[in-house]
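Structure first, then comments.
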Amino acid sequence: MEIERVQDISSSSLLAETIPSEFIRTEKEQPAITTFKGPTPAIPVVDLSDPDEETVIHAVVKASEEWGIFQVVNHGIPTELIKRLQEVGRKFFELPSSEKETVAKPEDSKDIEGYGTKLQKEVEGKKAWVDHLFHRISPPSCVNYRFWPKNPPEYREVNEEYALHVKKLSETLLGILSEGLGLSSDALKEGLGGEMAEYMMKINYYPPCPRPDLALGVPAHTDLSGITLLVPNEVPGLQVFKDDHWFDAEYIPNAVIVHIGDQIQRLSNGRYKNVLHRTTVDKDRTRMSWPVFLEPHREMIVGPLPELTGDDNPPKFKPFAFKDYSYRKLNKLSLD
1 MEIERVQDIS
11 SSSLLAETIP
21 SEFIRTEKEQ
31 PAITTFKGPT
41 PAIPVVDLSD
51 PDEETVIHAV
61 VKASEEWGIF
71 QVVNHGIPTE
81 LIKRLQEVGR
91 KFFELPSSEK
101 ETVAKPEDSK
111 DIEGYGTKLQ
121 KEVEGKKAWV
131 DHLFHRISPP
141 SCVNYRFWPK
151 NPPEYREVNE
161 EYALHVKKLS
171 ETLLGILSEG
181 LGLSSDALKE
191 GLGGEMAEYM
201 MKINYYPPCP
211 RPDLALGVPA
221 HTDLSGITLL
231 VPNEVPGLQV
241 FKDDHWFDAE
251 YIPNAVIVHI
261 GDQIQRLSNG
271 RYKNVLHRTT
281 VDKDRTRMSW
291 PVFLEPHREM
301 IVGPLPELTG
311 DDNPPKFKPF
321 AFKDYSYRKL
331 NKLSLD
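As structure tokens, this is what we get:
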């Protein structure tokens with residue numbers, strides 16, 4: 001069965017100035033109705049080049065406890081490399097459909113790698129205004145180049161270079177988060193599987209939408225990952241839920257947005273908060289983002305770290321193998 005891509009639906013919808021009914025959200029989700037209209041609190045920004053280590057640790061820990069999201073600047077990933085990453089991703093999505101389909105997720109696949117559209121089950125049968133590409137970028141043992149675009153030709157080189165930098169940044173942040181829990185700096189890294197933990201690249205492609213007031217690029221969710229490191233293009237769209245409101249995230253050029261995901265919330269026994277977020281779309285411009293999800297390998301069992309639990313602080317989460325946790329969450333099954 002041929003799957004209709006949102007990029008193609010966008011082209012026909014822009015002419016008609018309408019969108020198919022399955023993309024129209026209920027009133028409790030429509031961004032025009034639910035986005036906070038007053039003064040917007042700023043998502044915390046952390047300068048990783050600050051020589052005062054205690055200041056950096058305090059800022060990261062406070063943001064992870066209160067927001068579950070923060071932006072880092074002076075993070076060590078070269079600005080030029082981020083631009084190249086965005087350029088090769090954009091070029092891939094501008095290819096003819098037939099070429100993009102060569103790296104499509106196989107219909108019978110139990111994994112998420114590949115070019116695709118629908119990702120998870122939605123209770124009311126609604127659809128998200130987004131196409132995507134998933135592929136692992138590290139460690140080398142889990143990389144499957146079958147899902148890496150061969151065009152543009154520099155795609156592989158850029159992504160392999162980016163993988164080295166994003167891994168280094170993630171390990172720095174995990175070290176800070178571990179120390180913030182009073183643990184050794186490698187505690188959370190090991191809790192996610194150490195060197196066996198996997199880095200999954202995703203490119204989100206949100207084409208122009210004639211009714212951005214009614215649709216969502218991605219509905220409200222928390223990430224399955226341990227942490228997510230994301231770079232967006234300049235078109236705004238990320239929204240964060242805090243204090244019972246949906247707030248727009250400020251775009252800061254060259255910053256990396258860090259999401260605390262489900263597995264860090266679970267490992268920290270709830271001390272760090274997984275962030276509920278969603279994405280809006282633009283009427284005239286294409287929004288894109290490049291999140292990298294740091295995830296345990298499939299068989300890794302993740303639950304609260306024993307050092308953080310005791311009689312006065314019992315475990316708040318049931319341990320799950322990551323593959324089982326992912327399956328249950330994506331299919332809206334119980335996690336108790």
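Letter 23 of the sequence shown, counting from 1, is numbered 23 in the UniProt record's numbering, and no numbers are missing.
For each residue, glycine too, the CB sits at the ideal point set by N, CA and C.
> If you check the beta carbons only, do residue 25 and residue 126 fall under 8 Å apart?
Replying inline: Against the sequence shown, residue 25 aligns to sequence position 25. Against the sequence shown, residue 126 aligns to sequence position 126. Against a cut-off of 8 Å, the Cβ pair of residue 126 and residue 25 comes out as a contact.
> So residue 215 and residue 19 are in contact, right, with Cβ under 8 Å, and what is the actual spacing, rounded?
Replying inline: For the purposes of this step, residue 215 is taken as the residue at position 215 of the sequence shown. For the purposes of this step, residue 19 is taken as the residue at position 19 of the sequence shown. Indeed, because the Cβ distance is near 6 Å, the residues count as touching under 8 Å.
>> Just to check my reading of the structure: residue 48 and residue 61 have Cβ atoms closer than 8 Å, yes? What is that Cβ distance to the nearest angstrom?
In response: Mapped onto the sequence shown, residue 48 falls at position 48. Mapped onto the sequence shown, residue 61 falls at position 61. Incorrect: roughly 14 Å between the Cβ atoms, too far for contact.
> Expressed to the nearest angstrom, what Euclidean distance is found between the alpha-carbon atoms of residue 330 and residue 224?
Replying inline: In the sequence shown, counting from the first residue as 1, residue 330 sits at position 330. In the sequence shown, counting from the first residue as 1, residue 224 sits at position 224. Distance between the alpha carbons of residue 330 and residue 224 is about 9 Å.
>> Spatial neighbours of residue 175 within its chain, please: C-beta separation below 6 Å, excluding the five flanking residues on both sides.
In response: Your numbering for residue 175 matches position 175 in the sequence shown. Result list for residue 175: 185, in chain order.
>> Taking DSSP's pairing of strands, which residues face residue 248 in a bridge?
In response: Start at 1 with the first residue of the sequence shown, and residue 248 comes out as number 248. Its beta-bridge partners are 239.
>> According to DSSP, simplified to helix, strand and coil, what is residue 300?
In response: Start at 1 with the first residue of the sequence shown, and residue 300 comes out as number 300. Residue state, collapsed to three classes: coil.
> Nearest CA to the CA of residue 84: which residue from 112, 264, 158, 168?
Replying inline: Along the sequence shown, read from residue 1 onward, the residue named residue 84 stands at position 84. Considering only alpha carbons, the answer is 158.
>> Taking 8 Å as the threshold (C-beta atoms), are residue 208 and residue 286 in contact?
In response: Locating residue 286 in the sequence shown gives position 286, counting from the first residue. Locating residue 208 in the sequence shown gives position 208, counting from the first residue. It is a contact, given that the beta carbons lie within the stated cut-off.
> Taking the alpha-carbon positions, what's the residue 108 to residue 323 distance?
Replying inline: Reading the sequence shown from its first residue, position 108 is the one you call residue 108. Reading the sequence shown from its first residue, position 323 is the one you call residue 323. C-alpha separation (whole angstroms): 17 Å.
> Shortest alpha-carbon distance to residue 132 belongs to which of 114, 171, 76?
Replying inline: Locating residue 132 in the sequence shown gives position 132, counting from the first residue. With distances taken between Cα atoms, residue 132 lies closest to 114.
>> Which residue marks the beginning of the alpha helix (DSSP H) containing residue 159, and which one marks its end?
In response: In the sequence shown, residue 159 corresponds to position 159, counting from 1. Residue 159 -> alpha helix (DSSP H) spans 155-180.
> Is the region 95-106 touching the region 246-262 in the sense that three or more CB pairs, one from each, lie closer than 8 Å?
Replying inline: no
>> residue 138 and residue 167 - do their beta-carbons sit closer together than 8 Å?
In response: Within the sequence shown, the letter at position 167 stands for residue 167. Within the sequence shown, the letter at position 138 stands for residue 138. Yes.
>> Are the CB atoms of residue 292 and residue 217 within a distance shorter than 8 Å?
In response: For the purposes of this step, residue 217 is taken as residue 217 along the sequence shown, with counting starting at 1. For the purposes of this step, residue 292 is taken as residue 292 along the sequence shown, with counting starting at 1. Result no, Cβ atoms of residue 217 and residue 292 do not sit closer than 8 Å.
>> In whole angstroms, give me the CA-to-CA distance for residue 1 and residue 97.
In response: Here residue 1 refers to the residue found at position 1 when the sequence shown is read from its first residue. Here residue 97 refers to the residue found at position 97 when the sequence shown is read from its first residue. The predicted model places residue 1 with a pLDDT of 40, which falls under 50 and marks its position as unreliable, so this point remains unresolved.
> Do you know how far the Cα of residue 135 is from the Cα of residue 204?
Replying inline: Translated into the one-based positions of the sequence shown, residue 204 becomes position 204. Translated into the one-based positions of the sequence shown, residue 135 becomes position 135. Cα-Cα distance, rounded: 12 Å.
> residue 136 lies in the beta strand (DSSP E); which residues open and close that run?
Replying inline: Walking along the sequence shown from the start, residue 136 turns up at place 136. Note, residue 136: beta strand (DSSP E), 131-138.
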